[in-house]
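Quick notes on the structure that follows.
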Amino acid sequence: MMSAPSDSAAAQAHVPVLVEKVIEAVAPVEGAVIVDGTYGGGGYSRAVLAVANCTVLAVDRDPEAMERAWAHAGKDSRLVPAAGRFGELEAIVRAAGHEQVDGVMLDLGVSSFQIDEADRGFSFMRDGPLDMRMARRGPSAADAVNELTEAELADIFHVLGEEPAARRIARGIVHRRKEQPFVTTMDLADFIERTVGGRQGKRTHPATRAFQALRMFVNDERGELVRALLDAEKVLKPHGRLVVVTFHSIEDRIVKTFLRDRSGHAPGMSRHTPGAPRAVAPSFEVLQRKAIEATDEEVDANPRARSARLRWALRTEAPCWSGGIDDGPRLPGLQQLEGVAG
Ligand SMILES: C[S@@+](CC[C@H](N)C(=O)[O-])C[C@H]1O[C@@H](n2cnc3c(N)ncnc32)[C@H](O)[C@@H]1O
């Protein structure tokens, strides 16, 4: 049983990104119900509760983050922990007894707690098991690396990591694992470095993109985001606010496209375009089209903020749209690895 970190330790260990802008966008008021879909170290939840006497539903799929949420709830009953995946937002909100909510905040990716703990296997800078599972359940990164085909691995590195050497790395992995399966983060990181021929003067480690791709695959991060956006459309009240912070161009594109389409600005949505679908009432209103980014001062103080993009929108009174979201090329399903993990 892991020990619950203290609430104040949590506040120091993960520096929340763009927190003031997030609070401006969520604009919590007295009596509101706000979902923090990525509780992490609770930075956003704390900031919401500091400005309004409201309820925060604290969601995270990571059991350690939920221990922090329970510690926080012990000190402030306005915080209500609700363990789970934000891809099941609607079910989580309903199970907590709410039909609709006033705000949904998502701060995507991993927390410093997860990255800094070698045992979680997220970082190639620290040696640990090749794990990367936020929920500590299901197939791990080692299962993916040791079981998927060369073509599947190449697609994952190419699509989710935008890795130029995707095919070379996948080929090398499949060759090497016949002799010796990959077990640790350092082993894989060193192998990728050797495969692509070292750093070649680059500042970033050659395994950065491949590790990111594996993490996104193992946690189905693209799928989770898509499901969360569709559920947010269902659970937000009219005038309710959706606020999403992304750190990756693939995720920012998904959010941007979703909000552009749902606010009636998609190409082809004009009723004047020949062959365009019949106009549907926008389910979101976007007041600020350009993504909000961190200032130079914030990036200096917190380098994680460099790639952060905040987008937000207001739910309108229109019904939910039918149809899903195009999240890019298909990838192998995690289901095929189910049962591989011990
Ligand atoms: C960047 S951190 C959030 C930090 C938080 N905003 C704070 O201020 O401390 C992202 C958190 O989201 C969680 N997470 C990622 N994907 C999730 C998902 N699909 N469902 C629930 N939690 C998720 C991770 O476990 C991690 O704790």
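Its first residue numbered 1376, the sequence shown is counted upward by one per residue in my numbering. A virtual CB, placed ideally from N, CA and C, is assigned to each residue, including glycine.
Legend entry - For Ile1567 and Leu1706, believed in contact at Cβ under 8 Å, the rounded distance: About 19 Å; that fails the 8 Å criterion.
Inset, instruction - Look at the Cβ atom of Val1601, then the Cβ atom of Ile1629, and state whether they are nearer than 8 Å. - result: yes
Legend entry - Supposed contact pair Ala1457 and Leu1432 - C-beta distance, whole angstroms, cut 8 Å: 5 Å
Inset, instruction - For Thr1413, count neighbouring Cβ atoms within 10 angstroms of its own Cβ and tell me buried if that reaches 16, exposed if not. - result: buried
Inset, instruction - Can you have a look at His1550 and say buried or exposed, based on whether 16 or more other CB atoms are within 10 angstroms of its CB? - result: exposed
Legend entry - The alpha helix (DSSP H) enclosing Met1591, as first and last residue numbers: 1583-1593
Inset, instruction - Out of Asp1437, Ala1440, Met1507, Val1394, state which residue places its alpha-carbon closest to the alpha-carbon of Val1593. - result: That would be Met1507, whose Cα lies nearest to the Cα of Val1593.
Legend entry - Range covered by the beta strand (DSSP E) that runs through Asp1477: Looking at the DSSP string, the run of the beta strand (DSSP E) that includes Asp1477 is 1476-1482.
Inset, instruction - Say yes only if the C-beta of Gly1418 is nearer than 7 Å to one or more non-hydrogen atoms of ligand 1, and no if none qualify. - result: Correct: Gly1418 has its Cβ closer than 7 Å to ligand 1.
Legend entry - Residue burial classification, Leu1464 (beta-carbon count within 10 angstroms, cutoff 16): buried
Inset, instruction - State yes or no: is the C-beta of Val1404 within less than 8 Å of the C-beta of Ala1388? - result: no
Inset, instruction - Could you tell me if the beta carbon of Thr1599 falls within a distance shorter than 7 Å of some heavy atom in ligand 1? - result: The amino acid occupying residue 1599 in the given sequence is Glu; Thr does not appear at that position. Within the cutoff, so yes.
Inset, instruction - Alpha carbon to alpha carbon, how far is Leu1424 from Thr1648? Give it in angstroms, no decimals. - result: With a pLDDT of only 49 at Thr1648, under 50, the local geometry of the prediction cannot be trusted, and the value read off the model is given with reservation. One C-alpha to the other measures close to 46 Å.
Inset, instruction - Apply the 10 Å Cβ neighbour rule to Ala1588 and answer buried if 16 or more other Cβ atoms are within range, or exposed otherwise. - result: buried
Legend entry - Same chain, Cβ closer than 8 Å to Glu1399, neighbours up to 5 away in sequence not counted: There are no such residues.
Legend entry - Environment of Ser1498 [buried if 16+ CB atoms lie within 10 Å]: That one is buried.
Legend entry - Straight-line Cα distance separating Met1441 from Thr1560: Their Cα atoms are separated by approximately 25 Å.
Inset, instruction - Measure the Cβ-Cβ separation of Val1610 and Leu1685 and say whether it is below 8 Å. - result: no
Inset, instruction - Please confirm whether Leu1605 and Val1479 have their CB atoms less than 8 Å apart. - result: no
Inset, instruction - Just tell me which of Ala1607, Trp1445, Trp1687 has its CA closest to the CA of Ile1667. - result: Trp1687
Inset, instruction - Report the option in Val1485, Arg1512, Phe1557 whose CA atom is closest to the CA atom of Leu1709. - result: Arg1512
Inset, instruction - Given a cut-off of 8 Å, decide if Glu1608 and Ser1638 are closer than it, judged by their beta-carbon atoms. - result: no
Legend entry - Under 8 Å between C-beta atoms of Leu1535 and Ala1517: no
Inset, instruction - Excluding the 5 residues preceding and the 5 following Val1410 in the sequence, name in chain order all residues of the same chain whose CB lies nearer than 6 Å to its CB. - result: Leu1432, Val1476, Val1479
Inset, instruction - Give the straight-line distance between the Cα atoms of Ser1486 and Val1392, rounded to the nearest whole angstrom. - result: 11 Å
Legend entry - Same chain, Cβ closer than 6 Å to Asp1562, five either side skipped, listed in chain order: none
Legend entry - Exposure label - Gly1418; buried when at least 16 CB within 10 Å: buried
Inset, instruction - Tell me whether Ala1466 counts as near ligand 1, meaning its Cβ is closer than 7 Å to at least one heavy atom of that ligand. - result: Not under cutoff, so the answer is no.
Legend entry - Span separating the alpha-carbon of Glu1522 from that of Glu1474: 42 Å
Inset, instruction - Tell me whether Ile1567 sits in a helix, a strand or coil according to DSSP, three-state version. - result: helix
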